[in-house]
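All you need for the working numbering is the position in the sequence shown, starting with 1, plus 6.
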Amino acid sequence: MKYTNAKTVLPDRLIEELQKYVQAGYIYIPAKADHHRSWGEKSGFKKELENRNARIIEEYRNGVGLDELADRYYLSVHAIRKIVYRK
7 MKYTNAKTVL PDRLIEELQK YVQAGYIYIP AKADHHRSWG EKSGFKKELE
57 NRNARIIEEY RNGVGLDELA DRYYLSVHAI RKIVYRK
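Here is the structure:
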């Protein structure tokens with residue numbers, strides 16, 4: 007979440023109206039529903055995890071063991087199991 011000074015983006019009359027309710031505080035203004043992005047969408051991290059998990063599943067199907075995958079990807083065996091056995 008990015009901080010923006012209200013004086014740089016809002017008209018003075020709107021700032022005065024907001025000051026009736028909040029003095030020198032922070033107000034969270036959520037994005038409109040049609041502009042909302044899901045977790046990891048903006049940074050691309052979600053896609054990176056999906057690609058990593060696909061590689062893990064492929065390697066598992068090719069015979070690489072859970073312990074070896076855990077070592078390769080620096081994850082616990084439990085986390086690897088969750089990835090390869092998810093539906």
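Where is the CB? At the ideal position from N, CA and C, for every residue including glycine. Everything numeric in this text was worked out from a predicted model, so none of it was measured.
Item to complete: List in chain order: all unbroken beta strand (DSSP E) runs of 3+ residues lying wholly within the segment 31-73.
Response: If we require 3 residues or more, the segment 31-73 turns out to have no beta strand (DSSP E) run fully inside it.
Worksheet entry | Euclidean distance between Cα positions of G69 and K52 | Between G69 and K52, the C-alpha separation is close to 26 Å.
Discussion item. Considering only the alpha carbon of each residue, which of R92, D40, R58 lies closest to Y80?
Written reply: A check of alpha carbon separations from Y80 across R92, D40, R58 identifies R58 as the nearest.
Fill in: Residue interval of the alpha helix (DSSP H) (run including V28)
Segment: none, V28 is in no alpha helix (DSSP H) and carries neither H nor E.
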